[in-house]
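Residue numbers (UniProt numbering): 1 to 656.
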């Protein structure tokens with residue numbers, strides 16, 4: 001009994017002792033403190049935590065100031081990744097001597113009038129310079145355009161020095177040394193010198209694309225130099241600047257964008273589907289000339305390329321949105337990288353529609369990178385050509401075919417009907433297609449009247465077409481074709497897969513999607529605002545086979561679902577749709593699910609590797625590819641054909 005009592009008394013004492021520091025710590029927060037005004041230095045350091053995240057943030061703010069001052073030449077010098085030194089020199093209008101003290105004071109700016117909704121400059125908050133000066137050693141030396149002499153002012157850890165005379169040319173030089181010396185804790189979060197230098201270079205490139213008439217020079221302590229000569233503001237000049245930043249191969253693989261809707265103008269360039277990247281770092285977006293990283297724009301780009309790129313590949317884009325400053329809010333965050341549109345649905349619809357229309361009108365094009373890879377492979381002594389592999393995750397093309405059901409050449413599966421999915425007509429109809437759609441699908445692109453029309457044309461006419469005339473089939477999978485000035489190699493399975501997929505999509509979206517009635521309605525509990533959004537989009541959802549209606553406050557009833565989905569998690573589907581409508585005001589989640597099923601059916605229903613094709617079938621496939629938007633890539637995002645110019649072939653043999 002005594003031992004038990006000892007244990008009972010001892011454990012609470014241990015608990016109290018263990019938490020004694022925490023109790024004392026909490027008491028410091030619960031003790032009332034008088035309200036007081038923070039010092040100017042502390043206010044600036046708090047602001048610096050939002051505005052100045054790393055050296056690249058300093059460079060961004062200083063370069064934007066130079067551009068707002070009308071500079072035509074901007075030179076940036078860094079040391080230690082920007083932590084030791086950042087120097088930005090411009091030939092802009094400069095700062096008059098009497099205004100230098102105001103330049104480093106909070107909320108002092110020359111760029112904003114009385115209307116916060118009419119912002120036409122890159123900077124406007126008046127926070128950058130005082131924030132930098134509160135955490136670093138900052139000096140500003142400037143000479144106004146009409147000034148006879150220059151002046152200099154300094155600020156070190158928030159302490160301002162007096163204005164003094166200096167020698168300088170027209171323009172401004174801002175020098176930042178020992179960044180974050182006044183807040184050493186921030187230094188622990190900095191990356192290595194190379195990473196910080198790379199971030200600075202990326203900032204310069206993003207800004208430079210929007211200002212092609214300005215010359216940019218970036219020099220670092222590692223002797224690396226980025227030099228972007230000035231071009232001009234014409235579309236050709238902008239494209240030359242883009243080539244300086246993104247490489248000379250981008251213009252050759254890009255499609256121009258130019259669209260207008262309800263006062264919002266979209267211009268720029270996007271890559272063809274077969275020219276993509278493994279990440280989205282080469283997607284540049286600008287709103288009224290301001291570089292932004294906006295999730296709505298990024299989502300719109302992803303949606304526009306959803307049918308032609310896999311999820312792990314990203315298009316290369318440079319897009320400029322121009323609209324009334326009153327309908328876009330750039331004052332969302334001190335860093336000014338985020339924006340908010342008054343009508344996000346309009347902007348998203350414009351981007352998606354313009355890109356898809358441009359891709360459809362661009363015709364069939366192969367990426368120049370494919371020809372470059374072939375050139376490298378064919379050179380004497382070169383390593384064997386290895387494509388990065390299909391983007392659907394399969395280890396090889398053959399593995400992709402085997403994973404989708406191919407087990408080698410089988411004459412029983414080879415006859416003319418391209419669809420072999422193990423479904424009878426009734427089963428296919430239950431999958432969401434009617435009798436007419438089935439008949440059209442059974443005919444297939446290889447056997448349609450339009451495709452066969454080209455078989456009677458002369459050989460000379462075929463040579464003048466984009467994919468030319470079929471000459472041979474090698475390894476029972478690759479069609480070799482000839483044009484007047486090139487050699488074309490087509491992957492017959494990948495190409496026909498895209499054609500079948502497009503035919504399925506057209507049948508799917510040309511009319512209402514067939515639906516199946518649920519035995520008992522599915523009741524989904526949702527927040528009131530989500531239920532209201534779904535009710536507003538009920539007509540659109542019904543067109544895709546999903547019947548949704550209000551079921552009292554904070555709930556919806558689902559009575560029908562798309563037949564193609566089969567047994568599906570209705571609760572999760574509805575919640576996903578509600579989230580997407582809240583974010584983007586669209587119902588693309590349901591459409592993407594239906595398209596994914598169509599893509600799977602197309603993969604199983606297309607011409608297999610190992611099927612021998614007749615010459616007229618090969619030419620019919622080429623003609624159908626030329627007439628089908630997006631046929632340069634298959635449903636998984638890999639190329640359907642590669643083109644090698646005759647001049648390149650002659651170069652391989654030393655003829656040029």
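All C-beta atoms in this analysis are idealised placements derived from N, C-alpha and C, irrespective of residue type, glycine included.
Everything numeric in this text was worked out from a predicted model, so none of it was measured.
- The count of Cβ pairs closer than 8 Å, one atom from the stretch 66 to 86 and one from the stretch 210 to 223, reaches three, so the stretches are in contact.
- Taking a contact to require three or more Cβ pairs closer than 8 Å, the stretch 161 to 174 and the stretch 182 to 191 do not qualify as touching.
- Counting along the chain, the unbroken alpha helix (DSSP H) around residue 295 starts and ends at 295 to 304.
- Residue 200 sits buried, since 16 or more C-beta atoms from the chains shown fall within 10 Å of its C-beta.
- DSSP places residue 268 in the uninterrupted beta strand (DSSP E) bounded by 264 to 271.
- Assignment of residue 39 by DSSP, reduced to helix, strand and coil, places it in the coil class.
- Around the beta carbon of residue 260, fewer than 16 other beta carbons lie within 10 angstroms, which makes this residue exposed.
- Contact between residue 317 and residue 286 is ruled out by a C-beta separation of about 11 Å, above the 8 Å threshold.
- Between residue 66 and residue 92, the C-beta gap is smaller than 8 Å, which places the two residues in contact.
- Taking the Cα positions, residue 292 is about 16 Å away from residue 302.
- Residue 51 counts as buried, since no fewer than 16 other beta carbons sit within 10 angstroms of its beta carbon.
- Excluding sequence positions up to five before and after residue 351, its CB lies within less than 6 Å of the CB of 300, all in the same chain and listed in chain order.
- In this structure, residue 133 lies near residue 155, with their beta-carbon atoms less than 8 Å apart.
- Taking residue 312 as reference, the option from 273, 290, 288 and 329 with the minimal CA-CA separation is 273.
- For residue 555, same chain residues with a beta-carbon under 8 Å away, outside a window of 5 residues either side, are 523, 524, 525, 526 and 531 in chain order.
- Counting every other CB atom within 10 Å of its CB across the protein chains shown gives residue 269 a total of 16 or more, marking it as buried.
- Annotation: the continuous alpha helix (DSSP H) that includes residue 58 extends over 55 to 68.
- Per DSSP, reduced to three states, the secondary structure at residue 74 is strand.
- Within its own chain, the residues whose Cβ lies closer than 8 Å to the Cβ of residue 206, once the five positions on either side in sequence are excluded, are 284 and 291, listed in chain order.
- Per DSSP, the beta-bridge partners of residue 284 are 318.
- At a Cβ-Cβ threshold of 8 Å, residue 490 and residue 641 count as neighbours.
- Counting only runs of 3 or more residues that sit fully inside the UniProt domain "MutL C-terminal dimerisation" (470 to 613), the beta strand (DSSP E) segments are 478 to 482, 486 to 491, 515 to 525, 547 to 550 and 555 to 562, in chain order.
- Contact between the stretch 458 to 477 and the stretch 563 to 573 is absent: fewer than 3 CB-CB pairs across the two stretches fall below 8 Å.
- Here DSSP, grouped into helix, strand and coil, assigns residue 648 to helix.
- The beta carbon of residue 487 sits closer than 6 Å to those of 644, all from its chain and outside the five residues before and after it, given in chain order.
- Annotation: the continuous alpha helix (DSSP H) that includes residue 358 extends over 344 to 361.
- Under DSSP, residue 341 forms a beta bridge with 328.
- If you draw a straight line from the Cα of residue 495 to the Cα of residue 69, it is about 53 Å long.
- Taking 8 Å as the upper bound for CB-CB distance, residue 217 and residue 75 are in contact here, some 5 Å apart.
- Closest by C-alpha distance to residue 161, out of 146, 180 and 141, is 141.
- By the neighbour-count criterion, in which 16 or more other beta carbons inside 10 Å mark a residue as buried, residue 653 falls on the exposed side.
- Taking all protein chains in view, the Cβ of residue 189 is surrounded by fewer than 16 other Cβ atoms within 10 Å, so the residue is classified as exposed.
- Within its own chain, the residues whose Cβ lies closer than 6 Å to the Cβ of residue 138, once the five positions on either side in sequence are excluded, are 132, 155 and 176, listed in chain order.
- Rounded to the nearest angstrom, the gap between the Cα atoms of residue 655 and residue 178 is 59 Å.
- The straight-line gap separating the alpha-carbon atoms of residue 341 and residue 348 is approximately 10 Å.
- Contact check for residue 610 against residue 506 fails: the beta carbons are separated by 8 Å or more.
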